[in-house]
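Taking this note's numbering, the leading residue of the sequence shown gets 167, the next gets one more, and so forth.
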Amino acid sequence: MDLNSQPTGRFSNGKLATDFIAEALGYVNMTRAFLDPQINKVDMLHGISFASAGSGYDDLTANFSNAMTLAKQREYLRHYEIHLSQMVGVDKARETMKNALYILSMGTNDFLQNYFLEVIRSIQYTVEQYQNFLIRSL
């Protein structure tokens, strides 16, 4: 599970479910972060990560952990689409975005941070109501 004992910018140096999915699809390197200053055109054409460790569907989760909100991650996705259009043209960019695999892997922090540890949301919602609140945030 160790990622070569090198800093990864992640909360831990273990692989995530999304890493295993990428490997199963043939990616040999980790998907680069959109905000990585070393990102290049090849990276932009082969997949980008907008992930922010500690984020969640609930903006309150991101605020607690000083992470990017889901709304901010979606904003960066829109910026990526603009960059992609400039690189390959509008039609090819639309086709790429239409056929892309999008993975949202979060939610644990929402419950752990806001519902069970800080109990902010457990005062406002039952478990089922909070689940619905999170789903509506998409």
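Glycine included, C-beta positions come from ideal geometry on N, C-alpha and C.
What are the boundary residues of the alpha helix (DSSP H) that includes THR227? 225 to 231
Can you grab the Cα-Cα spacing for the pair ILE301 / ALA199, in whole Å? 25 Å
Given this structure, state the Cα-to-Cα distance separating ALA190 from THR184, to the nearest angstrom. 10 Å
Below 7 Å CB to CB, which residues in the same chain sit around ALA188 once its five sequence neighbours on both sides are set aside? THR197
Is DSSP giving ALA219 helix, strand or coil here? coil
Suppose contacts are defined by Cβ-Cβ distances below 8 Å. Is SER221 in contact with LEU201 by that definition? no
In terms of DSSP beta bridges, what is ARG198 paired with? In DSSP, ARG198 forms a bridge with ILE214.
Which residues bound the alpha helix (DSSP H) around LEU270? No alpha helix (DSSP H) holds LEU270; DSSP gives it neither H nor E.
Is MET352 buried or exposed, if buried means 16 or more other CB atoms sit within 10 Å of its CB? Residue 352 lies beyond the range of the chain shown here (167 to 304); nothing can be said about it.
ILE286, enclosing alpha helix (DSSP H) - first and last residue: 286 to 290
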